[in-house]
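Numbering (my numbering), first residue to last: 87 to 260.
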């Protein structure tokens, strides 16, 4: 009798474990990983040979790696491991001389501000932007001869108070 109940329970246990263990819709969430300093093309274009360390740090931010062995070298490294897609590594290396002035800039292809934003925020890369019109809509050209550049009045402004009543009233006497 024990053998018979064991033979009946064995297929039931095996089928239950197979059904619960084999889930075809299993998905483990894997977040996008963005680490390091994201250096854009616009930031790198502002770098100039001869800039001081303070100017570079103001423009680029704190470097990811300041090596104790190479004090004249700063490394900015951006690393992106998206859920789907290829891993992206973008190193930017800056070299300084003994006076602390930038002497060499070494980097590969860098994204623009728009490409970097779209990469991080998952926006479409081919976003078209309209040029910004900085002139007012109804602007008339100003003729230098007709422009009134004289002040309205040459007399000093009246700084005397017009109200002569005291700010705090005295209590009424009975």
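Think of the CB as a built atom: it goes at the ideal place given N, C-alpha and C, for glycine as much as any other residue.
If I measure Cβ to Cβ from residue i and keep anything under 7 Å in the same chain, skipping five residues before and after, which residues do I get?
i           : result
residue 202 : 124 and 126
residue 152 : 160
residue 182 : 139, 158, 188 and 189
residue 206 : 120
residue 135 : 188 and 189
What is the DSSP secondary structure of residue i, counted as helix, strand or coil?
i           : result
residue 175 : strand
residue 206 : helix
residue 134 : coil
residue 114 : coil
residue 125 : coil
residue 139 : helix
residue 91  : helix
residue 41  : Coverage of the chain is limited to positions 87 through 260, which leaves residue 41 absent and any answer about it impossible.
residue 145 : helix
residue 200 : helix
Do residue j and residue i come within 8 Å of each other at the CB atom, strictly closer than that value?
i           : j           : result
residue 133 : residue 145 : yes
residue 116 : residue 169 : yes
residue 194 : residue 164 : no
residue 180 : residue 142 : yes
residue 139 : residue 186 : yes
residue 184 : residue 128 : no
Nearest by alpha-carbon distance to residue i: which of the options is it?
i           : options              : result
residue 191 : 93, 158, 166 and 119 : 158
residue 53  : 166, 96, 154 and 89  : The structure shown does not extend to residue 53, since the chain is modelled only from 87 through 260, so no value can be given for it.
residue 131 : 196, 140 and 185     : 196
residue 162 : 113, 148 and 128     : 148
In its own chain, which residues sit with a C-beta less than 6 Å from the C-beta of residue i, not counting the 5 before and 5 after it?
i           : result
residue 137 : 188
residue 174 : 166
residue 156 : none
residue 95  : none
If I measure Cβ to Cβ from residue i and keep anything under 8 Å in the same chain, skipping five residues before and after, which residues do I get?
i           : result
residue 100 : none
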